[in-house]
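Participant: Protein sequences, first through last, are from chains G and B. Per our numbering, the first sequence starts with residue 181, numbered consecutively. Per our numbering, the second sequence starts with residue 9, numbered consecutively. C-beta: ideal position from N, C-alpha, C; glycine also. What you are looking at is a predicted structure, and each value in this text was computed from that prediction instead of being measured.
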Amino acid sequence: MAGARHGVSHPGVLFAVLGLAALLVPFMTLAANRIVAAEGVMAWSVAPAALTIPGLVALVLGLGLGLPAARPRLRLLGAVLGLGGLLWLLVQGASGLLDGAGDYARVSPALGVWCLLTIFMLSMTDALVQLAPGPLARGTLLAAVLAALAVILWSGALAPLSVLQEYASRKAAFADAALRHLALAFGSLATAALIGFPVGILCHRNRRLRGAILPVLSFLQTIPSLAMFGLMIPILGWIGDSVPGAQAFGIAGIGFAPAFLALVLYSLLPVVANTVAGLAAAPPASIEAARGMGMTSGQRLLRVELPMGLPILLTGLRIVLVQNIGLAVIAGLIGGGGFGTFVFQGLNQTATDLILLGALPSVALALISAIVMDILVELTRPQAARAA
Amino acid sequence: MKAGAILRPAVILLLLALVLKPEWFTPVFAPLAPEGAPVIYARSSLLSLSLSHLGLVAAATTAATFVSVTLAILVTREAGAAFRPLSRTITNMGQTFPPVAVLALAVPALGFGNGPTLVALFLYGLLPIFENSVTGLSNLPPATMEAARGIGLNRWQRLIQVELPLALPVILTGIRLSVVISLGTATIGSTVAARTLGEVIIAGLLTSNTAYVLQGGLIVGLFAVAVYDALIQLEARIARRSGARKAPR
Chain G
181 MAGARHGVSH PGVLFAVLGL AALLVPFMTL AANRIVAAEG VMAWSVAPAA LTIPGLVALV
241 LGLGLGLPAA RPRLRLLGAV LGLGGLLWLL VQGASGLLDG AGDYARVSPA LGVWCLLTIF
301 MLSMTDALVQ LAPGPLARGT LLAAVLAALA VILWSGALAP LSVLQEYASR KAAFADAALR
361 HLALAFGSLA TAALIGFPVG ILCHRNRRLR GAILPVLSFL QTIPSLAMFG LMIPILGWIG
421 DSVPGAQAFG IAGIGFAPAF LALVLYSLLP VVANTVAGLA AAPPASIEAA RGMGMTSGQR
481 LLRVELPMGL PILLTGLRIV LVQNIGLAVI AGLIGGGGFG TFVFQGLNQT ATDLILLGAL
541 PSVALALISA IVMDILVELT RPQAARAA
Chain B
9 MKAGAILRPA VILLLLALVL KPEWFTPVFA PLAPEGAPVI YARSSLLSLS LSHLGLVAAA
69 TTAATFVSVT LAILVTREAG AAFRPLSRTI TNMGQTFPPV AVLALAVPAL GFGNGPTLVA
129 LFLYGLLPIF ENSVTGLSNL PPATMEAARG IGLNRWQRLI QVELPLALPV ILTGIRLSVV
189 ISLGTATIGS TVAARTLGEV IIAGLLTSNT AYVLQGGLIV GLFAVAVYDA LIQLEARIAR
249 RSGARKAPR
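1. Which residue or residues does DSSP assign as beta-bridge partners of G:Gly-220?
2. Using a C-beta to C-beta distance shorter than 7 Å, which residues of chain G count as neighbours of B:Ile-81?
3. Please list the residues of the segment 396 to 414 of chain G that have a C-beta atom closer than 9 Å to any C-beta atom in chain B, keeping them in chain order.
4. With DSSP as the reference, label G:Ala-567 as helix, strand or coil.
5. Would G:Leu-507 and G:Val-451 qualify as a contact pair, given that the criterion is a beta-carbon distance under 9 Å?
6. Taking only three categories from DSSP, how would you classify G:Pro-404?
7. Counting beta carbon pairs with one atom in the segment 385 to 405 of chain G and one in the segment 12 to 19 of chain B, are three or more of them shorter than 8 Å?
8. Here's the rule I'm using: 16 or more other beta-carbon atoms within 10 Å means buried, otherwise exposed. How should G:Asp-283 be labelled?
9. Can you pull the DSSP bridge partners for G:Arg-253?
10. Which of the three DSSP states is assigned to B:Arg-184 in this structure?
11. At what residue ranges does the segment 480 to 545 of chain G contain a whole run of the alpha helix (DSSP H), taking only runs of 4 or more?
12. By Cβ distance, which residues of its chain are closer than 6 Å to B:Ile-227, with the 5 residues on each side in sequence left out?
13. Would you say B:Val-228 reaches chain G, if we count a Cβ-Cβ gap shorter than 9 Å as a contact?
14. Quick one: what's G:Arg-286 bridged to in DSSP?
15. Just tell me which of B:Leu-174, B:Tyr-220 and B:Leu-135 has its CA closest to the CA of B:Phe-74.
16. By the criterion of Cβ-Cβ separation under 7 Å, what are the contact partners of G:His-190 in chain B?
17. Identify which residue in G:Gly-273, G:Leu-266 and G:Ala-218 has its Cα closest to the Cα of G:Leu-239.
18. Would B:Val-110 and B:Ser-190 qualify as a contact pair, given that the criterion is a beta-carbon distance under 9 Å?
19. From the beta carbon of G:Phe-524, is the nearest beta carbon of chain B less than 9 Å away?
20. How big is the Cα-Cα spacing for G:Phe-519 and B:Pro-106?
21. Note down the Cα distance separating G:Asp-533 from G:Ala-250, rounded to an integer number of angstroms.
22. Just confirm the distance between the C-beta atoms of G:Asp-306 and G:Pro-191, as a whole number of angstroms; I'd bet it's less than 8 Å.
23. Compare the C-beta of B:Phe-105 with all C-beta atoms of chain G and state if any pair is closer than 9 Å.
24. Based on the DSSP secondary-structure assignment, which residues constitute the bridge partners of G:Val-188?
25. To test your reading of the DSSP string, which unbroken beta strand (DSSP E) runs of 3 or more residues are found completely within the segment 276 to 322 of chain G?
26. Under 9 Å, do G:Met-473 and G:Pro-562 count as touching if we go by C-beta distance?
27. Which residues in chain G have a C-beta closer than 7 Å to the C-beta of B:Gly-224? List them in chain order.
28. Along the segment 539 to 552 of chain G, what residues have a CB closer than 7 Å to any CB found in chain B?
29. Take B:Ile-20 as the anchor and find which of B:Ile-240, B:Arg-249, B:Ile-246 and B:Phe-231 has the nearest alpha-carbon.
30. Exposed or buried, which one is G:Leu-311 when buried takes at least 16 other CB atoms within 10 Å?
31. Would you kindly report the start and end of the unbroken alpha helix (DSSP H) that includes B:Gln-169?
32. Could you give the DSSP three-state label for B:Leu-135: helix, strand or coil?
33. Distance, Cα to Cα, B:Thr-193 vs G:Ala-230?
34. Checking 9 Å against the spacing of the C-beta atoms, do B:Ala-71 and B:Gly-133 come in under that value?
35. Under a three-way DSSP split, which group does G:Leu-573 fall into?
36. Between which residues of its own chain and B:Gly-88 is the CB-CB distance below 8 Å, once the five residues before and five after are set aside?
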């Protein structure tokens, strides 16, 4: 970074230009009710000028602070300030626009908000990449961001927004969907790990077995997800009907079971392949040394090969977790529950806010899981390798 | 290699038969369809659905290749180096977005039909191609680059005549990954009314007709396998040709 000490940050300039451009497109929309087409409102007219000016100033200042290349902390501050300004305008607009607009009127964030949100998040990311915080600092930061988000949502300042009104009218269903989504994603991850780790260890030891199992698992991955979910329905339906007692365990053609099984099948390849790769990552010299110390093959596995391969094993779990959070959305199509239920209901009713109610939490969940798993992978990496 | 020589034509023949003469397979699929329901999807021709499916994937991949290779060239130049860490984080995080969520979010902006699918496929295509192009363009043998500079090639000539050809195999790997992901993701596009083979699967899901689900899934799966294999062959051929010309690394 020495060369850029006194210069402006190139990404900062790009963000500033894009950010100013994003101010020139509609910031929020106001619609007479949930279904009709909405009309756009610019950022400076969402509320009286006295209320919008502080927000606009914060936005522009935030973009400006992103410019000095050698001051990543200042750039981080700028991004936070910008996000604050964005939130301020949203809160003002949410209540301001609804005033006297009728009982069924809906306000939503429009293109401008989404663009500015993306720009400030990217600018924050860019500053953070430059600061290169360690895994613990990243974890603390993530927790702080999530806490701030929770406080904002909980305070009700954004409650007039259309997507949160959709939430307010489906609180119980949303909690159900969230639990179901988590159960699908994490349950299938745990099951895949329970099956995949032993299979991976066997494959590591037995070359012929590896040659037989890995191609089958790769083939499973080429089956389009929609078809995989579809094929599980008759198979589980048949098991539920013909195996006594199976239905008592919830095994049936529709609902949770087929979605769960489809996710497990998709998860096996990353788990098994990364277990094999992880176990193979231990350098031959270490294995030789372990053998020389008189360790049995079981001891070698537990004390040498597994600890050394742990980062790669965890990377496999990260792939699976993120992939399953995304695929679990499709479960909504076959009655498997989860956030996908709202997405597909919203698509059927062409109700954008309902789509958002399902899509935003899935995106957030996937992002959070990816960040947390990345931190875990880094923590398990041996100290020496981390320093290098 | 021997198995490939038999399997490859078999896969292609099976695929052609499934798409062009689906009625041949009536006895195979009949046990899976509910009684009295049609066995073979006939609401629109499988050929036109396949062509539309492949067309969407091809269009999205072409656009994604063009954009991501251009971006990769920019961030591997000195002037664009400041964007490199950022672009890496974006590709890393971008891959975590659930495809259905992206499709659904594109609907309010673009309406139902092929539009949202094209956008989603384009976005997902960008990531693997960009990542591989950056890798390919930054791991060039220093001796070759020095030689190119030595014989007086300017930056533009070096890029076109040396860097891009050397990075081509790695870029192609990225394109292959992206195409295979897109073939599968395009089926989900039918949930927002895109004309793809997903239509067959969804029709099966809605009428609990497993015959449809299997038919659609089988065709898409076979396309994925065939395209994957074809691109691997192409990569091997290009690697062999450039390997013959350039000095061993």
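Facilitator: Per the coordinate set shown:
1. G:Thr-209
2. Near B:Ile-81 there are no residues of chain G at all, since even the closest Cβ is about 16 Å away, more than 7 Å.
3. Phe-399, Gln-401, Thr-402, Ile-403, Pro-404, Ser-405, Leu-406, Ala-407, Met-408, Phe-409, Gly-410, Leu-411, Ile-413 and Pro-414
4. Annotation note: pLDDT 47 at G:Ala-567 (below 50); position unreliable, coordinate value reported separately. Correct three-state label for G:Ala-567: helix.
5. With respect to the 9 Å criterion, G:Leu-507 and G:Val-451 are not classified as neighbours on the basis of their beta carbons.
6. coil
7. no
8. Looking at its Cβ environment, which holds fewer than 16 other Cβ atoms inside 10 Å, G:Asp-283 is exposed.
9. G:Arg-253 pairs with nothing; no bridge assigned.
10. helix
11. 486 to 507 and 520 to 528
12. Leu-26 and Leu-205
13. Output row for B:Val-228: interface = yes.
14. G:Ala-211
15. B:Leu-135
16. Ala-90 and Phe-91
17. Of G:Gly-273, G:Leu-266 and G:Ala-218, the residue nearest in Cα terms is G:Leu-266.
18. no
19. By this cut-off, G:Phe-524 is an interface position.
20. 11 Å
21. 41 Å
22. Contact between G:Asp-306 and G:Pro-191 holds: their C-beta atoms lie close to 5 Å from each other, under 8 Å.
23. yes
24. Paired residues: G:Pro-248.
25. 286 to 289
26. no
27. Ala-407
28. Those would be Ala-539, Ser-542, Val-543, Ala-546, Leu-547 and Ala-550, in chain order.
29. That would be B:Phe-231, whose Cα lies nearest to the Cα of B:Ile-20.
30. That one is exposed.
31. Segment: none, B:Gln-169 is in no alpha helix (DSSP H) and carries neither H nor E.
32. helix
33. 48 Å
34. yes
35. Any answer about residue 573 of chain G is impossible in this case: the structure gives chain G only from 181 up to 568.
36. Leu-82
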